[in-house]
Amino acid sequence: MSFGSVGVVGVGTMGSGIVEVTARAGLPVVACEVSPEALEAARGRVEASMNRALKRGKLDEAELQATLARVAWTVDIDEVAGSDLVVEAVPEALETKLEVFGHLDRLLDRSAVMATNTSSIPIINVAMGMSRPEQVLGMHFFNPVPVMKLVELISTQRTDPAVTDQVTRFSADVLGKQVVTAPDRAGFVVNKLLLPYLCQAIEMYESGHAAAEDIDRAMVLGTGHPMGPLTLADLIGLDVCLMVAESLYAEYGERFYLPPSLLRRMVAAGRLGRKTGRGFYEY
Ligand SMILES: NC(=O)c1ccc[n+]([C@@H]2O[C@H](COP(=O)([O-])OP(=O)(O)OC[C@H]3O[C@@H](n4cnc5c(N)ncnc54)[C@H](O)[C@@H]3O)[C@@H](O)[C@H]2O)c1
Numbered sequence: 019m020s021f022g023s024v025g026v027v028g029v030g031t032m033g034s035g036i037v038e039v040t041a042r043a044g045l046p047v048v049a050c051e052v053s054p055e056a057l058e059a060a061r062g063r064v065e066a067s068m069n070r071a072l073k074r075g076k077l078d079e080a081e082l083q084a085t086l087a088r089v090a091w092t093v094d095i096d097e098v099a100g101s102d103l104v105v106e107a108v109p110e111a112l113e114t115k116l117e118v119f120g121h122l123d124r125l126l127d128r129s130a131v132m133a134t135n136t137s138s139i140p141i142i143n144v145a146m147g148m149s150r151p152e153q154v155l156g157m158h159f160f161n162p163v164p165v166m167k168l169v170e171l172i173s174t175q176r177t178d179p180a181v182t183d184q185v186t187r188f189s190a191d192v193l194g195k196q197v198v199t200a201p202d203r204a205g206f207v208v209n210k211l212l213l214p215y216l217c218q219a220i221e222m223y224e225s226g227h228a229a230a231e232d233i234d235r236a237m238v239l240g241t242g243h244p245m246g247p248l249t250l251a252d253l254i255g256l257d258v259c260l261m262v263a264e265s266l267y268a269e270y271g272e273r274f275y276l277p278p279s280l281l282r283r284m285v286a287a288g289r290l291g292r293k294t295g296r297g298f299y300e301y
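If you count the sequence shown from 1, you need to add 18 to reach our numbering.
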């Protein structure tokens, strides 16, 4: 049985993409943010992204309007109550996620499924705070969500296999994503490999080994990556990179997961990359 309605809690960089792909797949979506200002910004992100898709001919004006009409915007988390699946995409901090999940646990029907889009927090640490850990799993989308095909699906030792099957089928058949099953270890598959690379690039830049543009151009031209590591870190968000590196270091204790000091300083300075207009580059 597939999901008939979806809630998204936290509609920032990732949540706005998740809202868009779900509504474009034809489902009603409740999009929940923390304040009216954040909600307006979220709505603006979804509309801007859909207008870009319109310009590229990926959908027509009627589809755009029908998609937007399927989204209900709210600052009241209680309005996600009727959703069959809720995807949480609030900032990467365990206490924030536990607070949101605790609320959802009290609010949702017993059959509802709760997914976290965490990049690195072990899913079991979120699930065990709930009265129904068998209904909790990780659904890790990639940025930008409407473009990137991958979803990593992470079940815990307590996730009901029927729930994993249901979410796998939903991700593939309804959202049109490619699913990779990943272990419930910090960083899953992609970030476990990606973060040492990003941290090394930041260290190379910090130590004067090479200029930012040269590091990025070298990796684009030399490996065929669509963008270099510093551009990618700016796109992901430097705060997200820092929190993911810290989770990886906490789990594996390997030096190459240790966040470079420049990354810490840039986050402390509010230079978070594209979303704040400045990171390694200006936007
Ligand atoms: N940025 C990426 O490339 C990326 C990729 C995959 C996964 N993730 C993960 O997705 C999650 C969100 O990351 P992001 O980059 O979208 O962060 P973000 O900072 O862009 O968005 C988080 C949003 O959550 C909102 N929020 C905070 N507390 C809330 C609450 N209690 N209720 C409702 N909304 C709340 C904030 O206002 C903000 O808009 C994190 O766990 C991150 O690790 C990020």
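C-beta: ideal position from N, C-alpha, C; glycine also.
Helix, strand or coil for residue i, going by three-state DSSP, please let me know.
i	result
residue 158	strand
residue 176	coil
residue 68	helix
residue 128	coil
residue 88	coil
residue 190	helix
residue 118	helix
residue 57	helix
residue 4	There is simply no residue 4 to check, as the chain begins at 19 and stops at 301 in what is shown.
residue 139	coil
residue 80	helix
residue 148	coil
residue 20	coil
residue 302	Since the first residue shown for the chain is 19 and the last is 301, residue 302 is missing from the structure and cannot be characterised.
residue 100	coil
Would you check if the distance between the CB atom of residue i and the CB atom of residue j is smaller than 7 Å?
i	j	result
residue 299	residue 257	no
residue 163	residue 195	no
residue 33	residue 104	no
residue 57	residue 51	yes
residue 216	residue 244	no
residue 67	residue 97	no
residue 275	residue 287	no
residue 205	residue 260	no
residue 145	residue 174	yes
residue 102	residue 21	yes
residue 166	residue 133	no
For residue i and residue j, what's the separation of their Cα atoms in angstroms?
i	j	result
residue 47	residue 225	46 Å
residue 121	residue 250	33 Å
residue 214	residue 80	44 Å
residue 100	residue 198	28 Å
residue 44	residue 84	9 Å
residue 154	residue 59	28 Å
residue 281	residue 220	7 Å
residue 171	residue 131	13 Å
residue 106	residue 27	5 Å
residue 69	residue 185	29 Å
residue 123	residue 150	8 Å
residue 152	residue 140	15 Å
residue 297	residue 230	11 Å
residue 87	residue 41	9 Å
residue 278	residue 255	15 Å
residue 289	residue 55	20 Å
residue 90	residue 148	26 Å
residue 77	residue 188	21 Å
So if DSSP puts residue i in a beta bridge, which residue, or which two residues, is it bridged to?
i	result
residue 134	106 and 156
residue 296	291 and 300
residue 168	196
residue 49	26 and 91
Are the C-beta of residue i and some C-beta of chain D separated by less than 7 Å?
i	result
residue 145	Reference to chain D is not applicable here, since this structure consists of a single protein chain.
* Would you list, in sequence order, the uninterrupted alpha helix (DSSP H) runs of no fewer than 4 residues that lie entirely inside the stretch 195-282? => 208-224, 230-241, 247-254 and 256-270
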